[in-house]
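If you count the sequence shown from 1, you need to add 556 to reach this note's numbering.
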Amino acid sequence: MTTTACACVDSSSKGQRIRFVLIVCFLSLFVDTAESQLVEPKRNPPLQTQNVLLVTIDGLRWQEVFGGVDATLMEKEAGGVKDLPALKERFQRETALESREALMPFFWNSIAGQGMIFGDPEQESKAVVTNGLNFSYPGYSEILCGFADPTIDSNAKKNNANMTVLERIKHKPGFENSVAAFCSWDVFPFIINRSRSGIPVNAGWEPLATDLSLNIAGTDAEAALRTLDEVSTEFPRYFPEVRYDYVTFRGAEEYLRAKRPRLMYVSLGETDDWAHAGRYDLYLDAAFRSDDYIRRLWLQMQSMPQYRDCTTLILTTDHGRGDDRIDWKSHGEKIENSEYIWMAVMGPDTPHTIITGTTVTQSQIAATVAACLGFDYSTDEPQAAPPLPVLP
Ligand SMILES: [Zn+2]
């Protein structure tokens with residue numbers, strides 16, 4: 557701009573011309589500075605995060621996350637355990653710290669070592685659900701919208717009247733085709749309001765390769781997911797509303813490689829269903845596999861230039877569960893202590909900190925997702941809770 561403006565000056569006197577050129581250059585310099593101030597990020601230094609991966613593990617208790625296996629459930633009657641010696645070998649250790657590491661090695665070796673963990677009672681830290689109902693749809697809506705909505709009081713397949721942070725971000729410049737969700741539970745197209753938001757949401761037992769909203773026709777992802785769909789249709793549908801998490805994970809992984817979304821939500825569900833079924837062994841196995849799927853997604857991202865060192869991982873659950881030999885299977889308004897959950901954040905802008913003596917809420921996740929991507933969620937959603945203290 558400066559060069560062109562100066563070159564256009566036509567003056568009869570050389571002295572006048574030089575003076576005019578200097579004035580124009582000086583003014584244009586001023587204008588340039590003013591313009592660049594308008595687009596300058598508010599943060600100094602600016603955030604490094606360019607992408608967010610949000611993952612939830614349905615109904616995984618803080619008791620196992622922080623304490624490893626619960627010895628009182630490691631048996632046939634309370635825990636429905638089929639092969640106790642094998643289960644003990646997989647996850648029971650001398651100490652709680654060793655057991656939790658055996659159960660969730662990526663969580664404890666990588667995330668806890670580099671990021672922030674919320675909700676550990678040993679650190680006098682609490683993470684709580686605020687919707688008062690402690691079951692899934694109200695919990696996911698609280699996570700994704702940033703507030704508890706008292707009109708959401710069932711898991712019925714009704715479209716969410718509220719906008720999620722996924723939908724808000726989708727409307728930001730540069731994010732139009734860069735938000736996607738892969739979910740094991742078939743209620744998510746309603747929680748995220750797929751029909752209104754236009755966000756690709758692949759959920760439940762929906763096939764992946766032929767999902768037109770994913771726009772993967774002709775890619776390697778389509779070929780890989782076609783094979784997966786074929787296998788998936790042969791599986792027994794043990795949970796009619798929840799597909800196996802492996803399928804959800806593989807869908808997310810292939811989509812990541814093919815379409816590189818900047819905001820991806822992955823919702824894993826088996827932990828909750830095995831717990832309701834009273835199978836502590838399969839619940840623990842599902843927790844272990846969930847941890848491994850998160851590790852593999854994270855490693856996949858770190859191998860891609862778009863994501864490497866500029867991606868933040870946010871991890872939580874929709875509700876807790878009861879804490880005795882009966883109530884561990886369940887959760888809800890009437891199940892004591894099922895409002896207590898856990899959260900974790902790891903990324904280039906999140907300093908490693910041991911969180912002590914802090915209470916955070918499920919409703920803070922939405923604003924945290926937005927804040928990591930550089931947006932102030934309160935301007936979009938004034939009733940939302942503030943972000944977690946994970947950014948400098
Ligand atoms: Zn449940």
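Glycine included, every Cβ here is placed at the ideal spot set by N, Cα and C. Since the model is a prediction, treat every value here as computed from it, not as a measurement.
When you measure from the CB of residue i to every non-hydrogen atom of ligand 1, does any distance come out below 8 Å?
i, result
"ALA831", "yes"
"ASP709", "no"
"HIS908", "no"
"PHE691", "yes"
"ASP614", "yes"
"ASP828", "yes"
"HIS727", "no"
Distance, Cα to Cα, residue i vs residue j?
i, j, result
"LEU583", "PRO602", "With a pLDDT of only 44 at LEU583, under 50, the local geometry of the prediction cannot be trusted, and the value read off the model is given with reservation. Between LEU583 and PRO602, the C-alpha separation is close to 28 Å."
"GLY760", "ALA780", "18 Å"
"GLU591", "GLY730", "Bear in mind that the predicted position of GLU591 carries a pLDDT of just 35, short of 50, making it too unreliable to give a figure here."
"CYS866", "ILE882", "43 Å"
"GLN856", "GLN606", "16 Å"
"VAL580", "GLN918", "For VAL580, the predicted model reports a pLDDT of 44, less than 50, meaning its position is unreliable; a value from the coordinates is still stated below. Roughly 55 Å between the two C-alpha positions."
"TYR933", "MET660", "31 Å"
"GLU650", "ILE708", "43 Å"
"MET557", "THR872", "Bear in mind that a pLDDT of 31 at MET557, under 50, signals an unreliable position, so the number given afterwards is only what the model happens to contain. Cα to Cα, the separation comes out at about 49 Å."
"PHE738", "LEU653", "31 Å"
"ARG724", "ALA634", "44 Å"
"LEU819", "VAL925", "9 Å"
"VAL916", "ASN690", "16 Å"
"LEU770", "VAL685", "32 Å"
"ALA563", "GLN862", "Because the pLDDT at ALA563 is just 32, under 50, the model does not fix this residue reliably, and the point stays unresolved."
Following the continuous beta strand (DSSP E) through residue i, name the residue where it begins and the one where it ends.
i, result
"THR873", "Careful: THR873 lies outside any beta strand (DSSP E) and carries neither H nor E."
"VAL611", "607-613"
"ALA737", "735-739"
"VAL916", "915-917"
Could you check where the alpha helix (DSSP H) with residue i kicks off and where it finishes?
i, result
"VAL822", "Unbroken run through VAL822 is the beta strand (DSSP E), 819-824; no alpha helix (DSSP H)."
"VAL621", "618-623"
"VAL637", "Element bounds for VAL637: n/a, residue is neither H nor E."
"THR924", "921-928"
"VAL946", "That residue, VAL946, is in no alpha helix (DSSP H); it is neither H nor E in DSSP."
"ALA900", "Counting along the chain, ALA900 falls outside any alpha helix (DSSP H), though it belongs to the beta strand (DSSP E) covering 899-902."
"TYR794", "Segment: none, TYR794 is in no alpha helix (DSSP H) and carries neither H nor E."
"TYR933", "933-936"
Every unbroken beta strand (DSSP E) within the region 743-773, with a cutoff of 3 residues, ordered by chain: 757-759
In chain order, which continuous runs of the beta strand (DSSP E) of length 3 or greater are located wholly inside the region 654-697? 672-674 and 682-684
Does the region 860-876 come within contact of the region 895-907, defined as at least 3 CB pairs closer than 8 Å? yes
Under 8 Å, with one C-beta from each stretch per pair, do the region 822-837 and the region 610-622 reach the 3-pair mark? yes
Touching or not, the region 745-758 and the region 783-796, by the rule of three or more beta carbon pairs under 8 Å? no
Are the region 927-946 and the region 718-727 touching, with three or more C-beta to C-beta distances below 8 Å? yes
Three CB pairs or more closer than 8 Å across the region 730-746 and the region 900-907: no
Contact the region 792-803 vs the region 834-848: 3+ CB pairs below 8 Å: yes
Please give the ranges of any alpha helix (DSSP H) in the region 821-864, keeping only runs that are unbroken, at least 4 residues long and fully inside the region. 826-832 and 836-858
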